[in-house]
Amino acid sequence: MSIYPPSLERLINNLSKLPGIGQKTAARLALYLFRASREFSESLATSISEVKKEIGICSRCFNLTDDDLCQICRDPSRDGILCVVEEVGDLLALEKAGAFRGRYHVLQGVLAPLDGIGPENLRIKELLQRLQPESIKEVILAINPSAEGETTTTYIAGLLRKQGVSVSQIARGIPMGGDLKYTDAVTLKRAMEGRRESC
Amino acid sequence: MAIRRDEAIILRTRDYSESDRLITFFSKNQGQLTGIAKGARRSKKRFVHTLEPCSHVAVTYMDRPTSGLVRLDASELKNAFIALRSDIARLGYASLSCEIVLHMSPERQANAALFALLYQYLEQLEIGAKPENTSLLFQTRMLHSSGYGPNLQGCVLCDRQLRTGENWFFSILQGGLVCKDHKHGQQPYPVSMGTVMLLRQAQQLPLSKLWRLRFQRQSRQECRFLLLDLVRHYLEKDLKSLKLLYQIGALKSTNNRI
Numbered sequence: 005m006s007i008y009p010p011s012l013e014r015l016i017n018n019l020s021k022l023p024g025i026g027q028k029t030a031a032r033l034a035l036y037l038f039r040a041s042r043e044f045s046e047s048l049a050t051s052i053s054e055v056k057k058e059i060g061i062c063s064r065c066f067n068l069t070d071d072d073l074c075q076i077c078r079d080p081s082r083d084g085i086l087c088v089v090e091e092v093g094d095l096l097a098l099e100k101a102g103a104f105r106g107r108y109h110v111l112q113g114v115l116a117p118l119d120g121i122g123p124e125n126l127r128i129k130e131l132l133q134r135l136q137p138e139s140i141k142e143v144i145l146a147i148n149p150s151a152e153g154e155t156t157t158t159y160i161a162g163l164l165r166k167q168g169v170s171v172s173q174i175a176r177g178i179p180m181g182g183d184l185k186y187t188d189a190v191t192l193k194r195a196m197e198g199r200r201e202s203c
Numbered sequence: 023m024a025i026r027r028d029e030a031i032i033l034r035t036r037d038y039s040e041s042d043r044l045i046t047f048f049s050k051n052q053g054q055l056t057g058i059a060k061g062a063r064r065s066k067k068r069f070v071h072t073l074e075p076c077s078h079v080a081v082t083y084m085d086r087p088t089s090g091l092v093r094l095d096a097s098e099l100k101n102a103f104i105a106l107r108s109d110i111a112r113l114g115y116a117s118l119s120c121e122i123v124l125h126m127s128p129e130r131q132a133n134a135a136l137f138a139l140l141y142q143y144l145e146q147l148e149i150g151a152k153p154e155n156t157s158l159l160f161q162t163r164m165l166h167s168s169g170y171g172p173n174l175q176g177c178v179l180c181d182r183q184l185r186t187g188e189n190w191f192f193s194i195l196q197g198g199l200v201c202k203d204h205k206h207g208q209q210p211y212p213v214s215m216g217t218v219m220l221l222r223q224a225q226q227l228p229l230s231k232l233w234r235l236r237f238q239r240q241s242r243q244e245c246r247f248l249l250l251d252l253v254r255h256y257l258e259k260d261l262k263s264l265k266l267l268y269q270i271g272a273l274k275s276t277n278n279r280i
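One line per chain: the protein sequences are A and B, in this order.
Take any residue in the first sequence, note its place counting from 1, add 4, and you have its number in the numbering used here.
Take any residue in the second sequence, note its place counting from 1, add 22, and you have its number in the numbering used here.
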């Protein structure tokens with residue numbers, strides 16, 4: 005028999021389904037919500053409900069949006085360079101860094117043979133369909149440098165080159181604050197290959 | 023509890039909880055094991071870049087007799103087979119073999135011959151050997167060394183010897199050759215004598231000479247789905263890596279029977 009009243013038990017069970025939240029943390033959060041003001045609890049519930057109701061996927065770039073097109077796709081000042089990323093989280097990281105001022109395309113994954121994910125399961129066809137209508141001159145592939153990510157980069161680069169578009173990929177190498185002697189062999193090799201003239 | 027250090031090939035990685043990964047690897051001295059790599063998704067030091075599928079690594083792990091899972095403590099990259107990443111077909115075929123080993127090799131049963139076969143197979147793909155030919159050789163040898171090798175001596179139903187008959191067929195259900203009199207109701211694959219001899223050689227040759235064998239066009243067509251269907255028949259399930267190979271056109275699914 006549960007030690008909590010049924011409604012609190014339901015809340016704990018639901019919270020414990022969130023990533024990184026176990027039963028104990030869920031119980032602590034549920035008790036906090038019980039003690040918090042009614043306004044806060046209602047505002048939280050409304051926010052969750054609104055997100056589920058209003059947030060969707062941009063029909064052009066597959067970013068998160070509350071409209072048909074996301075804010076970035078609607079912005080006319082974003083020029084004709086396209087940055088291809090794996091997930092929405094990667095897009096948000098690039099935007100937060102202010103490192104890129106063009107448009108994006110979210111693939112929604114990478115090629116993963118062992119998970120049965122091939123080109124048809126990603127947004128590759130949609131990427132190719134964007135090139136002409138949006139007069140895209142250059143595509144930057146900003147896909148994570150895992151084995152599957154690198155294969156995806158090579159595969160998409162080949163398709164884009166056939167379309168006559170200039171293709172580049174983000175640099176691989178030593179992170180800021182890193183240390184050469186603790187860097188793995190593959191990263192060091194990539195860093196040496198991608199060296200550039202000192203300024 | 024014992025701390026072990028071994029060579030291994032990573033077969034599969036899966037995210038587990040917020041920051042960990044479950045790693046299934048095929049080790050040289052302990053066979054297939056699954057271990058938990060604590061903090062592998064967040065740590066930039068301990069496991070960085072070493073737990074990718076198809077990589078050859080030296081792993082250090084804690085083996086607990088009471089638990090099916092081992093605890094991975096360290097992993098050192100020995101060969102990432104980087105060239106596989108520049109060709110989707112080669113990565114697809116490498117993944118297919120890792121998936122076959124994953125499902126067909128029992129846990130905690132050392133099989134140094136299978137480890138050597140898988141390692142050499144990845145090495146062959148890395149140096150640019152033809153992926154489909156190499157994969158067919160791997161599948162033939164893998165089935166044979168795991169005890170699932172097809173019977174290629176003669177008809178499995180009437181003992182007719184190979185040299186005394188013509189028009190041979192391969193039966194998935196019987197796991198071997200059948201003669202023309204016994205092909206009915208077996209979903210038979212027609213196989214030429216040349217293909218049978220090639221498969222027999224691939225079962226017997228020393229590993230160092232295996233990769234010299236070549237499946238010519240007819241043998242390739244005859245074996246393309248025969249071996250895969252045999253694997254799927256034993257596993258009683260489909261192989262996920264085939265999806266990618268179909269999608270990129272490396273395999274055509276028209277003759278796909280299962």
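Note that beta-carbon positions come from the ideal geometry of N, C-alpha and C, so glycine has one too.
- Take GLN240/B, set aside five residues on each side of it, and the residues of its chain with a beta-carbon closer than 8 Å to its own are SER214, GLY216 and THR217, in chain order.
- Cα atoms of GLU91/A and GLN167/A: separation of roughly 24 Å, rounded to the nearest angstrom.
- Taking LEU165/B as the centre and dropping the five residues before and after it, the same chain places the C-beta of GLY171 closer than 6 Å to its C-beta, in chain order.
- For LEU249/B, no Cβ of chain A is located within less than 8 Å of the residue's own Cβ.
- If you check each beta-carbon in the segment 152 to 184 of chain B against every beta-carbon of chain A, none falls closer than 8 Å.
- A straight line joining the alpha-carbon of GLU148/B with that of ARG86/B spans about 35 Å.
- Contact check for GLN161/B and TRP233/B: beta-carbon distance about 14 Å, past the 8 Å limit, so the pair fails to qualify.
- Within the segment 100 to 112 of chain B, contact with chain A at the beta-carbon level (separation under 8 Å) is assigned to ALA102, ILE104, LEU106, ARG107, SER108, ASP109 and ILE110.
- Close to chain A, meaning a Cβ-Cβ distance shorter than 9 Å, are the following residues of the segment 64 to 76 of chain B: LYS66, LYS67, VAL70, HIS71, THR72, GLU74, PRO75 and CYS76.
- Chain order gives the chain B residues near ASP119/A as LYS262, where near means a beta carbon separation below 8 Å.
- For the C-beta of SER127/B, not a single chain A residue is nearer than 9 Å; the gap to the nearest is close to 15 Å.
- Contact annotation for LEU115/A against chain B: ILE110 and LEU266 [CB-CB distance below 7 Å, chain order].
- The Cβ of SER172/A sits no closer than 8 Å to any Cβ of chain B.
- For the segment 177 to 192 of chain A, the residues whose beta carbon sits under 7 Å from a beta carbon of chain B are, in order, TYR186, ASP188, ALA189, VAL190 and THR191.
- Per DSSP, ALA134/B is one residue of the alpha helix (DSSP H) stretching across 134 to 148.
- Cβ-Cβ separation between ILE128/A and ILE160/A: approximately 6 Å, consistent with a contact (criterion under 8 Å).
- Under a 10 Å Cβ-count criterion, PHE38/A is classified as exposed, with fewer than 16 other Cβ atoms of the shown protein chains found around its own Cβ.
- For SER117/B, the CB contacts under 8 Å within the same chain, skipping 5 residues up- and downstream, are PRO75, CYS76, SER263 and LEU266 in chain order.
- When GLY153/A, LEU15/A and THR50/A are compared, the shortest CA-CA separation from GLY113/A is found for GLY153/A.
- Under DSSP, no beta-bridge partner is assigned to TYR268/B.
- The criterion of a C-beta distance shorter than 8 Å is not satisfied by ASN189/B and ALA132/B.
- THR82/B and ILE25/A have their C-alpha atoms spaced approximately 30 Å apart.
- Between ARG107/A and LEU86/A, the C-beta gap is smaller than 8 Å, which places the two residues in contact.
- Only those residues of the segment 76 to 91 of chain A whose C-beta falls short of 7 Å from the nearest C-beta of chain B would be listed, and there are none.
- Annotation: Cβ neighbours of PRO23/A in chain B (cutoff 9 Å, chain order): SER39 and GLU40.
- SER202/A and PRO149/A have their C-alpha atoms roughly 24 Å apart.
- In the structure shown, SER39/B adopts coil according to DSSP, grouped into three states.
- In the DSSP assignment, GLU201/A falls outside any beta strand (DSSP E) and carries neither an H nor an E.
- When Cβ-Cβ separations below 8 Å define contact, GLY53/B makes no contact with chain A.
- Under DSSP, THR56/B shares a beta bridge with THR46/B.
- The beta carbon of TYR38/B sits closer than 7 Å to those of LEU44 and ILE58, all from its chain and outside the five residues before and after it, given in chain order.
- The beta carbons of SER119/B and TYR143/B sit about 6 Å from each other, so the pair counts as a contact at 8 Å.
- With respect to chain B, the C-beta atom of THR29/A has no partner C-beta closer than 8 Å.
- Identification of residues in the segment 24 to 37 of chain B having a C-beta nearer than 7 Å to some C-beta of chain A yields ARG34, given in sequence order.
- Between the beta-carbon of VAL143/A and that of VAL110/A there is about 14 Å, and that puts the pair past the 8 Å contact cut.
- With a threshold of 16 other beta carbon atoms within 10 Å, ASN67/A meets it and is buried.
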